[in-house]
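**Student:** -13 is the number of the first residue of the sequence shown in our numbering; add one for each residue after it.
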Amino acid sequence: MKEVRIRFRKIGRAKYISHLDLTRTMTRALRRAGIPIWYTEGFNRHPYVTFASPLSLGFEGLCESMDIRLVQDMPMEELVAVLNSA
-13 MKEVRIRFRK IGRAKYISHL DLTRTMTRAL RRAGIPIWYT EGFNRHPYVT
37 FASPLSLGFE GLCESMDIRL VQDMPMEELV AVLNSA
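1. Whole-angstrom Cβ separation of Ala15 and Ala72, contact assumed at under 8 Å?
2. Does the stretch -8 to 9 touch the stretch 17 to 27, meaning 3 or more C-beta pairs lie closer than 8 Å?
3. How about Arg(-7) and Glu50: are their beta carbons less than 8 Å apart?
4. Count the other C-beta atoms from every protein chain shown that fall within 10 angstroms of the C-beta of Leu43, then say buried if there are 16 or more, exposed otherwise.
5. What is the DSSP secondary structure of Ser42, counted as helix, strand or coil?
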């Protein structure tokens, strides 16, 4: 299991996306990209995705970060390329 920190920007029209919608959007993008995310164990499994701190609605963020856990190792170059294409 490998933990990865992803940094991204939330600018332009994206500043109007709420924190809960952003978490759903990023989770869907990770799933759509085929990245092997680690899921929590239990009856209702959720992907392990953690955001540093939520921004208020309407504010831009130039250096936002989120942590994900991967089931298997993936080269960083491949991870970046797959995420940018999703």
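Just so you know, even glycine gets a beta-carbon here, dropped at the ideal spot from N, CA and C.
**Tutor:** Well, looking at it:
1. For Ala15 against Ala72, the beta-carbon gap comes to about 5 Å, under 8 Å, which counts as contact.
2. They do not touch, by the three-pair rule.
3. Contact flag set, yes.
4. Exposed, since its Cβ has fewer than 16 Cβ neighbours within 10 Å.
5. Coil at Ser42, not helix or strand.
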